[in-house]
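Read the structure below first, then the notes.
Residue numbers (this note's numbering), protein chains in the order written: chain A, 1 to 220; chain B, 1001 to 1250.
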């Protein structure tokens, strides 16, 4: 049996597709796991982890990451949001009277990176809203992945592609979206994927995401 | 690498009306200063404690309207400092169009790209920022007044752009580090440095690469304590106002 984190990492790995260079921001253990999974399968992939504690790829801090992205040298990046709406806009500033940390580099990255994947584990009406209260960033999402479902982007609307478990997604989603008559279940991790995740990949992830590695794989 | 040693001293001296600039984000140092009532305004792309979660004193101060917040986005801050570094009044930046950040920043201007003669090509212009003071902590200073920041070379841009640059350091090296070819690329030369002062473990509870790691447990302890004003005050009493405890036991 796989964990939810393992399933999400396998979905992210598929979304990365044949990209050459993926950047991973702070607090993104699942995207980082997906990248390590692709590498463990032998894919040539450059992964720039902004918060790597040892051997960080950057020698000019985050400025270098943004310059890299501005030149079009980053193929895939991940953004989340306190709110995400049906137009693909994200809000990292404030909602319902609550203040959040801020927009970070999202306003820039969303429009300059070739493929931005929206990723938020919480799938609720609180997060997935008809219209965000504050637009931190808008752009053209490559996909939206939550803890419950995967959506593709159809030019101006999301389309539900699969759900991770059987259940009613529409009642838990605050925005309107398209859906096929029969929504398939998200493909589960293969035996080979689980073997890699629990072996090589877990070892690579543990130094930078110790809490995550402990929680998902019991590594110390 | 913020100089936490100086942050603690600013709190002890009860400084008021500070304006903080995050390059490009702020963390525990800002949360401490805000909670202690030292801050009037924050300009930053984000304020958070990273893995330890929200910055509780910042969050409450903004929600209650106790401080002014000028929201930015990371590359806009870097670009504004680079404009100062070059002595030009503004610099263009791609992206950002369509973000509500622009509506809230009357100092940012969106204009047609003057180099593009045919077709519409709007681009964001951000004005140069020249901070009154650049403040950070470094591993080494030397007798010639240089400081070594290693791979954190974006700190040089802050020093180049600021009117004054104040640096605390872990260790003093004799002689002139610029004579060492291996150290030279990680140096900010004395040209830009106004003053240095020793502060052993001066970044704690944050870390300094290759010397000591971030103290995750202490940061988590702070994040929990600072959820309430009373808890924050108890934290200040214990770790800021008691000099013997304002450094990690190393």
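All residues carry an ideal CB built from backbone N, CA and C; glycine is no exception.
Which class does residue 21 of chain A belong to by DSSP, given the choice of helix, strand or coil? Here residue 21 of chain A sits in strand by DSSP.
Beta carbon proximity, residue 101 of chain A to chain B, threshold 7 Å: Yes - at least one Cβ of chain B is within 7 Å of the one on residue 101 of chain A.
So, does the CB of residue 1154 of chain B fall closer than 7 Å to a CB anywhere in chain A? Cβ-Cβ to chain A under 7 Å: yes for residue 1154 of chain B.
Output the distance between the C-alpha atoms of residue 20 of chain A and residue 1158 of chain B, rounded to the nearest integer angstrom. Answer to the nearest angstrom: the Cα atoms are 32 Å apart.
Distance, residue 1025 of chain B Cα to residue 161 of chain A Cα: Approximately 36 Å, taken between the alpha carbons.
I'd like to know if residue 107 of chain A contacts chain B, where contact means its C-beta is closer than 7 Å to some C-beta of that chain. For residue 107 of chain A, the nearest beta carbon of chain B is closer than 7 Å to its own beta carbon.
Give me, in chain order, the residues of the same chain whose beta-carbon lies closer than 6 Å to that of residue 1123 of chain B; leave out the 5 immediate sequence neighbours on both sides. Hits under 6 Å: 1092 and 1113.
Return the residues of the segment 14-38 of chain A that lie within a Cβ-Cβ distance of less than 9 Å from chain B, sorted by chain order. Across the segment 14-38 of chain A, CB contacts with chain B closer than 9 Å involve 26 and 27, in sequence order along the chain.
Shorter than 7 Å from the beta carbon of residue 1046 of chain B to some beta carbon of chain A? Answer yes: the Cβ-Cβ gap between residue 1046 of chain B and chain A drops below 7 Å somewhere.
Three-state secondary structure (DSSP) of residue 11 of chain A: Taken through DSSP and simplified to helix, strand or coil, residue 11 of chain A comes out as helix.
Nonlocal neighbours in the same chain, by C-beta distance under 6 Å from residue 135 of chain A, ignoring five residues either side: The beta carbon of residue 135 of chain A sits closer than 6 Å to those of 89, all from its chain and outside the five residues before and after it, given in chain order.
By a C-beta neighbour count over all protein chains shown, 10 Å radius and 16 as the cutoff for buried, is residue 1008 of chain B buried or exposed? It is buried - the Cβ of residue 1008 of chain B has at least 16 other Cβ atoms within 10 Å.
Compare the beta carbon distance of residue 38 of chain A and residue 13 of chain A with 7 Å and say whether it is the shorter of the two. For the pair residue 38 of chain A and residue 13 of chain A, the CB atoms are nearer than the 7 Å cut-off.
Coarse secondary structure for residue 62 of chain A, derived from DSSP in three states: Note: residue 62 of chain A maps to helix in three-state DSSP.
Please list the residues of the segment 127-143 of chain A that have a C-beta atom closer than 7 Å to any C-beta atom in chain B, keeping them in chain order. Listed by position along the chain: 134, 135, 136, 137 and 138.
Leaving aside the five residues before and after residue 1137 of chain B along the sequence, list all residues of the same chain whose C-beta is less than 6 Å from its C-beta, in chain order. Excluding positions up to five away in sequence, the list reads 1001, 1003, 1168, 1202 and 1203.
I need the boundaries of the beta strand (DSSP E) containing residue 1126 of chain B, first residue and last residue. Where residue 1126 of chain B is concerned, the enclosing beta strand (DSSP E) starts and stops at 1122-1127.
Mark residue 86 of chain A as exposed unless 16 or more other C-beta atoms lie within 10 angstroms of its C-beta, in which case mark it buried. Classification for residue 86 of chain A: buried.
I need the straight-line Cα distance from residue 1183 of chain B to residue 1241 of chain B, nearest angstrom please. Residue 1183 of chain B and residue 1241 of chain B have their alpha carbons spaced roughly 37 Å apart.
Residue 1148 of chain B (DSSP reduced to helix, strand or coil): In the structure shown, residue 1148 of chain B sits in a strand (DSSP, three-state: E or B).
Buried or exposed (CB count within 10 angstroms, at least 16 for buried), residue 1217 of chain B: So residue 1217 of chain B ends up on the exposed side.
Residue 1249 of chain B in three-state terms, based on DSSP: With a pLDDT of 48 at residue 1249 of chain B, under the threshold of 50, the modelled position of this residue cannot be trusted; read the value that follows with caution. DSSP places residue 1249 of chain B in the coil class of the three-state scheme, outside both helix and strand.
Residues bridged to residue 1198 of chain B [DSSP beta-bridge criterion]: B:1169, per the DSSP bridge assignment.
In the structure shown, what three-state DSSP assignment does residue 28 of chain A receive? Looking at residue 28 of chain A - three-state DSSP - the assignment turns out to be coil, as it is neither helix nor strand.
Applying a beta-carbon distance threshold of less than 7 Å, which residues of chain B neighbour residue 60 of chain A? The CB of residue 60 of chain A comes closer than 7 Å to the CB of 1153 and 1154 in chain B, given here in chain order.
Backbone CA spacing between residue 97 of chain A and residue 190 of chain A [nearest angstrom]: Approximately 44 Å between the Cα atoms of the pair.
Does the beta carbon of residue 5 of chain A come closer than 7 Å to any beta carbon on chain B? Any Cβ of chain B closer than 7 Å to the Cβ of residue 5 of chain A would place that residue at the interface, and such an atom is absent.
Since residue 1006 of chain B is in the alpha helix (DSSP H), which residue starts that stretch and which ends it? First-last of the alpha helix (DSSP H) with residue 1006 of chain B: 1004-1012.
Residues near residue 1039 of chain B in its chain [Cβ-Cβ closer than 7 Å; skip 5 each side]: Correct list, in chain order: 1018, 1020, 1033 and 1067.
Span of the alpha helix (DSSP H) around residue 1111 of chain B: It is not in any alpha helix (DSSP H) - residue 1111 of chain B instead sits in the beta strand (DSSP E) that spans 1109-1112.
So is residue 111 of chain A in contact with chain B if we call contact Cβ pairs under 7 Å? Interface residue, yes.
Which of the three DSSP states, helix, strand or coil, is assigned to residue 1118 of chain B? Residue state, collapsed to three classes: coil.
Which one or two residues does DSSP pair with residue 85 of chain A in a beta bridge? Per the DSSP secondary-structure output, residue 85 of chain A pairs in a beta bridge with A:129.
Same chain, Cβ closer than 6 Å to residue 46 of chain A, neighbours up to 5 away in sequence not counted: 21.
Using only the alpha-carbon positions, how far apart do residue 179 of chain A and residue 8 of chain A sit? Straight-line measurement puts the Cα of residue 8 of chain A at about 20 Å from the Cα of residue 179 of chain A.
Backbone secondary structure at residue 1160 of chain B - three-state DSSP: In the three-state reduction of the DSSP assignment, residue 1160 of chain B falls in the helix class.
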